[in-house]
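Here the structure is laid out as structure tokens; the discussion comes afterwards.
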Amino acid sequence: MNYQAIRVIYKFEMLRFWNTLMQSIASPVISTSLYFVVFGSAIGSRIQEIDGVSYGVFIVPGLVMLSLLTQSIANASFGIFFPKFTGTIYEVMSAPISFFEIVIGYVGAAASKSFILGSIILITANLFVDLNIAHPVWMMAFLILTCISFSLFGFIIGLWATNFEKLQLIPMLVVTPLVFLGGSFYSVSMLPPAWQTVTLFNPVLYLISGFRWSFFEVADVSVGVSLAMIIFFLLACLAIVWWMFKTGYRLRN
Amino acid sequence: MQPIIKISDLSKTYESGHQALSNVNLDINDGEILALLGPNGAGKTTLISIICGIVASSTGSVTVAGHDTVKDYRFTRSLIGLVPQELTLGAFDSVWNTVNFSRGLFGKEPNPAYLEQLLKDLSLFDKKDSELRELSGGMKRRVLIAKALSHEPRILFLDEPTAGVDVELRKDMWQLVRGLHKSGVTIILTTHYIEEAEEIADRVGVISAGKLLLVDNKDNLMRELGKKQLALELKQPVDQLPESLAPYNLEISADGAQLIYTYNTTGERTGITALLQAVNAAGLSLKDLNTSQSSLEEIFVKLLKAKA
Chain A
29 MNYQAIRVIY KFEMLRFWNT LMQSIASPVI STSLYFVVFG SAIGSRIQEI DGVSYGVFIV
89 PGLVMLSLLT QSIANASFGI FFPKFTGTIY EVMSAPISFF EIVIGYVGAA ASKSFILGSI
149 ILITANLFVD LNIAHPVWMM AFLILTCISF SLFGFIIGLW ATNFEKLQLI PMLVVTPLVF
209 LGGSFYSVSM LPPAWQTVTL FNPVLYLISG FRWSFFEVAD VSVGVSLAMI IFFLLACLAI
269 VWWMFKTGYR LRN
Chain B
36 MQPIIKISDL SKTYESGHQA LSNVNLDIND GEILALLGPN GAGKTTLISI ICGIVASSTG
96 SVTVAGHDTV KDYRFTRSLI GLVPQELTLG AFDSVWNTVN FSRGLFGKEP NPAYLEQLLK
156 DLSLFDKKDS ELRELSGGMK RRVLIAKALS HEPRILFLDE PTAGVDVELR KDMWQLVRGL
216 HKSGVTIILT THYIEEAEEI ADRVGVISAG KLLLVDNKDN LMRELGKKQL ALELKQPVDQ
276 LPESLAPYNL EISADGAQLI YTYNTTGERT GITALLQAVN AAGLSLKDLN TSQSSLEEIF
336 VKLLKAKA
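Just so you know, the sequences run in chain order A and B.
If you're matching positions, the first sequence starts at 29 in the numbering used here and goes up one per residue.
If you're matching positions, the second sequence starts at 36 in the numbering used here and goes up one per residue.
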């Protein structure tokens with residue numbers, strides 16, 4: 029193992045985060061606050077409790093997931109796309125490191141950033157509503173697994189993208205709709221039966237449902253299924269990254 | 036002595052169908068300075084990129100210090116430093132951070148004292164806290180050299196190091212190369228200037244259209260490349276040469292109006308004075324005369340034809 033390489037990649041990726049700390053923290057705090065004002069207070073006050081949880085509290089896990097997913101993808105895809113774009117990737121490609129070490133460095137840093145953001149959002153949420161977390165360990169597990177899997181997913185997008193448009197394409201057209209339609213702001217049982225079935229094909233539903241269960245012990249699908257789905261997604265992303273490096277996809281050709 | 040780099044039957048065809056390298060065989064000796072000479076698009080950068088692991092080869096193999104660059108990539112890559120042709124640097128990192136990053140990337144423990152000396156040698160130390168985007172082109176090139184040397188490589192690749200570089204930096208760079216050469220580092224540089232190869236290299240390889248046309252000692256090659264031609268334009272065309280001119284191996288143009296004499300500028304005598312006297316004695320009168328030196332392109336074409 030080339031530990032030094034992992035160390036410097038991680039360190040310098042994180043450095044960018046600390047250098048723009050105000051932006052990094054201010055933007056999720058402001059957007060979370062806005063969601064609370066709009067959904068929690070303005071609209072939420074007219075919505076009755078869902079599964080015995082007040083609406084303002086109910087949306088917290090979905091809100092965290094919304095930021096986590098978009099930030100993980102944005103951080104990781106940009107982290108690897110930018111050196112590709114400027115050409116500095118030549119150095120990583122010519123260094124004595126394996127794909128696994130590159131992934132640990134870049135994805136580890138992106139996941140760490142998302143984790144920090146997720147924690148900040150939770151703290152912000154706690155200022156607006158009274159949060160009680162039923163299963164803190166599971167909550168952490170879901171949080172960390174989500175950060176890692178979606179950072180990996182972002183890494184794939186960053187490797188795949190050949191221009192800035194493509195870099196934005198999947199987060200905009202696929203991920204954001206999936207998050208909104210995955211029950212971030214509502215329980216799936218509130219949908220008409222036909223749409224409930226459609227929603228079951230949305231992978232984000234399982235993430236949000238499992239995460240919400242760790243807070244309130246209420247879930248749209250069983251926790252085991254949620255956990256299995258997120259681990260499956262993680263492994264699938266790993267397999268794709270491994271294949272990309274093995275074949276030199278858009279890197280060594 | 037075992038070559039430090041051994042390239043065997045190496046070919047590369049890109050996905051676009053462009054064949055960048057065709058069956059290249061080359062041994063690079065430990066501690067030498069090898070200049071790869073060739074026009075743009077000859078395949079020089081592709082060759083370097085394959086050795087460094089940036090581009091995958093289509094067929095053939097490369098070993099560095101006896102180890103395969105694909106199977107033992109950790110070992111081979113740790114020996115190599117690469118200064119790329121383009122000024123590819125991040126924008127917001129500081130000089131100090133970027134050289135530390137490079138050193139770590141190649142698996143070396145941090146060593147601030149070594150990096151400090153390196154930056155001083157490259158006249159970069161007073162810029163160590165500057166952001167990369169603030170640097171001039173010449174300074175950026177120095178940073179790229181510092182990055183390549185940050186992990187104390189045994190082999191250094193310089194891909195067109197003097198493209199867009201001012202005289203001072205060029206002088207500094209050659210001094211640095213000589214210093215590294217003295218300390219035993221093998222240096223491979225690409226260029227399309229003969230003068231550069233002449234100034235610094237021990238051996239010169241000529242590469243064109245993906246083929247390595249020849250590799251030879253610089254002195255041998257310079258003799259070959261140093262040839263010039265003198266064209267004598269006659270007032271009256273001739274059918275055949277007077278016998279007295281036979282020793283000069285002249286060529287007659289198709290219309291008989293021109294005699295072409297090939298000579299070597301690096302030789303002790305060019306034989307021009309004697310030739311002109313002989314031409315005069317043979318009763319030929321001249322309308323005009325001019326000399327020309329084969330351009331590098333022409334030499335490439337000639338070499339390519341000769342090898343085909």
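The C-beta atom is built at its ideal place from N, Cα and C for all residues, glycine as well.
Quick one: what does DSSP say Arg278 (chain A) is sitting in, helix, strand or coil? Along the first sequence, one-based indexing puts residue 278 (chain A) at 250. It is coil, neither helix nor strand.
6 Å Cβ shell around Ser52 (chain A) - same chain, five flanking residues per side excluded: Numbered from its first residue, the first sequence carries residue 52 (chain A) at position 24. The answer, listed in chain order, is Phe45.
Can you check DSSP and say which residues form a bridge with Gln264 (chain B)? What you label residue 264 (chain B) is simply residue 229 of the second sequence in a count that begins at 1. For Gln264 (chain B), which the question treats as bridged, DSSP gives the partners B:Thr297, B:Ser327.
Contiguous alpha helix (DSSP H) assignments of at least 4 residues, all confined to the stretch 36 to 78 of chain A: 49 to 63
Within 9 Å, strictly: CB atoms of Pro124 (chain A) and Ser113 (chain B): Counting from 1 along the first sequence, the entry for residue 124 (chain A) is found at position 96. Counting from 1 along the second sequence, the entry for residue 113 (chain B) is found at position 78. The answer is yes: Cβ separation under 9 Å.
Residue burial classification, Tyr49 (chain B) (beta-carbon count within 10 angstroms, cutoff 16): For the purposes of this step, residue 49 (chain B) is taken as residue 14 along the second sequence, with counting starting at 1. It counts as exposed.
In three-state terms, what does DSSP make of Gly240 (chain B)? As a working mapping, residue 240 (chain B) is identified with position 205 in the second sequence. The answer is strand: DSSP assigns Gly240 (chain B) an E or B state.
Looking only at its chain, what residues have a beta carbon closer than 8 Å to the beta carbon of Ala102 (chain A), apart from the 5 residues adjacent to it on each side? Within the first sequence, the letter at position 74 stands for residue 102 (chain A). So the list reads Gly182, Pro199, once near-sequence residues are dropped.
In this structure, what does DSSP give as the bridge partners for Ile68 (chain B)? Walking along the second sequence from the start, residue 68 (chain B) turns up at place 33. Beta-bridge pairing links Ile68 (chain B) to B:Ile222.
Do you know how far the Cα of Lys246 (chain B) is from the Cα of Asp161 (chain B)? Numbered from its first residue, the second sequence carries residue 161 (chain B) at position 126. Numbered from its first residue, the second sequence carries residue 246 (chain B) at position 211. The alpha-carbon atoms of Asp161 (chain B) and Lys246 (chain B) are separated by roughly 44 Å.
Determine the direct distance from the alpha carbon of Gln32 (chain A) to that of Phe136 (chain B), and round the result to whole angstroms. As a working note, residue 136 (chain B) is residue 101 in the second sequence. As a working note, residue 32 (chain A) is residue 4 in the first sequence. Cα to Cα, the separation comes out at about 9 Å.
Whether Lys262 (chain B) touches Tyr228 (chain B) by CB criterion (9 Å): Residue numbering aside, residue 262 (chain B) sits at position 227 when the second sequence is read from its first letter. Residue numbering aside, residue 228 (chain B) sits at position 193 when the second sequence is read from its first letter. Cβ distance not < 9 Å, so Lys262 (chain B) and Tyr228 (chain B) don't count as in contact.
Which listed residue (A:Ile132, A:Met167, A:Ile268) has its alpha carbon closest to that of Leu187 (chain A): On the first sequence, residue 187 (chain A) is found 159 positions in, with the first residue counted as 1. If we check each option's Cα against that of Leu187 (chain A), A:Ile268 comes out closest.
Ser51 (chain B) versus Glu41 (chain A): straight-line alpha-carbon distance, rounded: Against the second sequence, residue 51 (chain B) aligns to sequence position 16. Against the first sequence, residue 41 (chain A) aligns to sequence position 13. So the alpha carbons of these two residues sit roughly 33 Å apart.
Members of the stretch 125 to 143 of chain B that neighbour chain A once the beta carbon cut-off is set at 9 Å: So the close ones are Gly125, Ala126, Phe127, Asp128, Asn132, Thr133, Asn135, Phe136, Ser137, Arg138, Gly139, Leu140, Phe141, Gly142, Lys143.
Going by DSSP, which residues form a beta bridge with Asp62 (chain B)? Sequence index remark: in the second sequence, residue 62 (chain B) carries index 27 (1-based). Bridge partners of Asp62 (chain B): B:Lys41.
Would you mind working out which of A:Pro56, A:Met29, A:Leu255 sits nearest Ala153 (chain A), comparing C-alpha positions? The residue you call residue 153 (chain A) lines up with position 125 of the first sequence. Closest option to Ala153 (chain A), judged by alpha-carbon separation, among A:Pro56, A:Met29, A:Leu255: A:Pro56.
Rounding to the nearest angstrom, what Cα-Cα distance links Gly125 (chain B) and Val105 (chain B) in this structure? On the second sequence, position 90 is the one that residue 125 (chain B) refers to. On the second sequence, position 70 is the one that residue 105 (chain B) refers to. The alpha-carbon atoms of Gly125 (chain B) and Val105 (chain B) are separated by roughly 28 Å.
Phe86 (chain A), DSSP secondary structure in three states: Counting from 1 along the first sequence, the entry for residue 86 (chain A) is found at position 58. Correct three-state label for Phe86 (chain A): helix.
Keeping to the same chain, check which residues put their C-beta closer than 6 Å to that of Pro205 (chain A); ignore five residues upstream and five downstream. Here residue 205 (chain A) is taken as the residue at index 177 of the first sequence, counted from 1. So no residue of the chain qualifies.
Since Tyr134 (chain A) and Ile161 (chain A) are thought to touch, with beta carbons under 8 Å apart, how far apart are those beta carbons, to the nearest angstrom? Along the first sequence, one-based indexing puts residue 134 (chain A) at 106. Along the first sequence, one-based indexing puts residue 161 (chain A) at 133. Not quite, the Cβ-Cβ distance comes to about 30 Å (not below 8 Å), so this is no contact.
Gly54 (chain B) by DSSP, collapsed to three states: which one? Here residue 54 (chain B) is taken as the residue at index 19 of the second sequence, counted from 1. Residue identity differs from the one stated: residue 54 (chain B) is Gln in this sequence, not Gly. It is a strand residue.
Would you say Ala123 (chain A) faces chain B, with C-beta separation under 9 Å as the test? Here residue 123 (chain A) refers to the residue found at position 95 of the first sequence. Ala123 (chain A) counts as touching chain B.
Measuring alpha carbon to alpha carbon, tell me which residue in B:Ser93, B:Ile68, B:Ile39 is nearest Val59 (chain B). Locating residue 59 (chain B) in the second sequence gives position 24, where the first residue counts as 1. The candidate whose alpha carbon is nearest that of Val59 (chain B) is B:Ser93.
Mind checking whether Gln99 (chain A) and Ser142 (chain A) have CB atoms under 9 Å apart? The residue labelled residue 99 (chain A) in the question sits at position 71 within the first sequence. The residue labelled residue 142 (chain A) in the question sits at position 114 within the first sequence. Result yes, Cβ atoms of Gln99 (chain A) and Ser142 (chain A) sit closer than 9 Å.
Buried or exposed by the 16-neighbour rule on C-beta atoms within 10 Å, applied to Ser237 (chain A): Residue 237 (chain A) sits at position 209 when you count from the first residue of the first sequence. The residue is buried, with at least 16 neighbouring Cβ atoms inside 10 Å.
Whole angstroms is fine: what's the gap from Ile83 (chain B)'s alpha carbon to Phe192 (chain B)'s? Taking the first residue of the second sequence as position 1, residue 83 (chain B) is located at position 48. Taking the first residue of the second sequence as position 1, residue 192 (chain B) is located at position 157. Spanning the two alpha carbons is a distance of roughly 7 Å.
Counting only C-beta atoms, is Ala91 (chain B) closer than 9 Å to chain A at any point? Indexing the second sequence from 1 puts residue 91 (chain B) at position 56. Yes, contact with chain A.
Close Cβ partners of Ser57 (chain B) (< 7 Å) along its chain, the five nearest in sequence each way excluded: Locating residue 57 (chain B) in the second sequence gives position 22, counting from the first residue. Correct list, in chain order: Ser46, Gly245, Lys246.
Look at the alpha carbon of Ile180 (chain B) and the alpha carbon of Lys194 (chain A), and state the distance between them as a whole number of angstroms. By one-based count along the second sequence, residue 180 (chain B) stands at place 145. By one-based count along the first sequence, residue 194 (chain A) stands at place 166. Answer to the nearest angstrom: the Cα atoms are 33 Å apart.
Assigned exposure category for Val66 (chain A) - 16 Cβ within 10 Å defines buried: The count along the first sequence starts at 1 and reaches residue 66 (chain A) at position 38. The Cβ neighbour count for Val66 (chain A), taken over all protein chains shown within 10 Å, is under 16; the residue is labelled exposed.
Got a sec: which bits of the stretch 68 to 100 of chain B sit with their beta carbon under 7 Å from any beta carbon on chain A, in order along the chain? Cys87, Gly88, Ile89, Val90, Ala91
Can you check whether the CB of Leu157 (chain B) is closer than 9 Å to the CB of Arg177 (chain B)? If you number the second sequence from 1, residue 177 (chain B) lands on position 142. If you number the second sequence from 1, residue 157 (chain B) lands on position 122. Yes, Cβ-Cβ distance for Arg177 (chain B) and Leu157 (chain B) is below 9 Å.
So which residues of chain A does Glu121 (chain B) contact, with C-beta pairs closer than 9 Å? Numbered from 1 along the second sequence, position 86 holds the residue referred to as residue 121 (chain B). Here the neighbours are Gly115, Tyr118.
With 9 Å set as the bound, which would you pick, yes or no: does the beta-carbon of Pro111 (chain A) sit closer than that to a beta-carbon of chain B? Locating residue 111 (chain A) in the first sequence gives position 83, counting from the first residue. It does; some Cβ of chain B falls within 9 Å.
Which residues of chain A have a Cβ atom closer than 9 Å to the Cβ of Lys182 (chain B), listed in chain order? Your numbering for residue 182 (chain B) matches position 147 in the second sequence. Here the neighbours are Glu119.
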